[in-house]
Each structure stands twice: as C-alpha cells, then as structure tokens.
Amino acid sequence: MKKLAIFGSGSGSNMQSILDAIKEGILKAEIAVVASDNADAYILERAKKASIPTLHIDCGEYVSKFPKEEQERLAADLKQRGVDVICLAGFMRLVGSPLLKKFPNRILNIHPSLLPHYPGLAAWEQALADKAKVTGCTVHYVDDGMDTGAIIKQAEVPVLEEDTSKSLHERIQIAERTLYPEVIAQVMNQ
Ligand code: GAR
C-alpha cells in the first residue's frame, strides 16, 4: 500500500476528500501523516478524528519562509515513515530543494485556478478581478517556483455573473474534491 503525507495550513477539505476516496476504495493508499505549520489548523483536527498521525512543521518566527533545516528534518522523518508521495493541500509555504531532492516528482500541489493563470494567493479573486469567464483548479508537480511545476490535470469551473469571492471559491473547491484524489491515484501508479 502506497503511503501519502499531506501538508496543509488550513481547513483541510482536500485532505478530507483524499481520506474519503481511500475509505470508498477509489484511492488505494494510506495517509501516513498529516503535517501543518499552523498548530490551530482544522486539518489537524480532521486527522486526529481519523486517528491519522500528525506532525507540526516548525517554522519558528518566519511568517512565510520554510527553513531549510526544517525541510531536511521533515524529509528524513517522512522517509522513515515510508512515505511515497507528498500532497500539498492548502499548504501556504514554498517547498524547496531539501524536500524536492528527497522526493523527486513525488510532491503534488492543488491550486485553485487554471495555471499558468493566477498563481499565488486568492487565485479565485484574481479570476474575478480579471473578469475571467472560466477558471478552475490544477494539480501539478511541485518545483522550486510558486505554482510553476508541470501540470498534470485541470478541471474547469465557469465564473457566473452573480459570483462573489466566496461562491466562486466554494465551487472551485467542489471541483478540487474530485480532481485531487483522481490525480493522486494516477501518479501513484506511475
Ligand atoms: C484550496 O482551495 C487550495 O486549492 C488552495 O487552498 C485551499 C485549501 O483548502 N491552495 C492554494 O491556494 C495554494 N496556492 P483546504 O484547506 O480546505 O483543502
């Protein structure tokens, strides 16, 4: 059974969809650990409820930096747990060489836009500001840039005239819940 690590900083709805896909037998994998840089993140509650081990990612005083030493410590820890694939799910720090070298082409991210459009923060607000007619979500391999890695698969979501930031993000997240488990299954079989 392939082992996944999930990194998240927030609510963890994507982690939940991965867990649900495993329970339904759609995804043949095990979540070995859920890691967060935010001790109050709801993703950790979800993991605890499902009896999944959790890890705190200690970034000290840094608000957005992911210190190299911490990445090295995590890489060694994840290897020891037998992790095959790392899934970023709302993880708001840039992963760098210590993790990328240990998990080449084995770190995935989900982003709430049709990349290369609207990388970075609040991508759905960028789509609204741009008056885009269609946006969506993308699963891609992680490289050392921000949302720049090779695209694996995307799902389109139409932008409605009455959309608010909240309604558009909610519809994108519904699309994310199907796309991410499907792509993880595809990558695990490669
Ligand atoms: C998701 O919409 C994900 O696409 C986005 O954060 C949200 C996390 O939700 N990620 C990014 O913006 C990364 N650049 P979740 O914690 O409920 O899964």
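Numbering follows the working numbering, in which position 12 of the sequence shown is assigned residue number 691; successive positions increment by one, without gaps. Even for Gly, the Cβ is constructed at its ideal location relative to N, Cα and C. Source: prediction; values computed, not measured.
query	result
When the Cα of Lys810 is compared with those of Ala829, Phe770, Leu847 and Asn788, which residue comes out closest?	Leu847
Please state whether the Cβ-Cβ distance between Asp826 and Leu800 is less than 8 Å.	no
For Gln833, name the three-state secondary structure that DSSP assigns.	strand
Cutting at 6 Å between CB atoms, please list the residues of its own chain near Val821, excluding the five before and the five after it.	Val774, Ile786, Asn788 and Gly828
Per DSSP, which residues does Gly687 bridge with? Please list them.	Per DSSP, none; premise fails for Gly687.
Mind checking whether Lys682 and Val762 have CB atoms under 8 Å apart?	yes
For Ala700, collect the residues of the same chain with a Cβ closer than 6 Å to its Cβ; drop the 5 residues on either side in sequence, then sort them by chain order.	Leu706 and Pro860
Would you tell me roughly how many angstroms separate the C-alpha atoms of Asn717 and Ser844, rounded to the nearest one?	24 Å
Measure the C-alpha to C-alpha separation of Arg752 and Lys728 and round it to an integer number of angstroms.	26 Å
Would Ala726 pass as a contact of Gly689 if the rule is Cβ separation under 8 Å?	no
Measuring CA to CA, which of Thr817, Asp823, Gly769 and Gly687 is closest to Leu778?	Asp823
So which of Leu807, Thr817, Gln865 and Lys832 has the shortest CA-CA distance to Glu840?	Leu807
What three-state label does DSSP hand Thr827 in the structure shown?	coil
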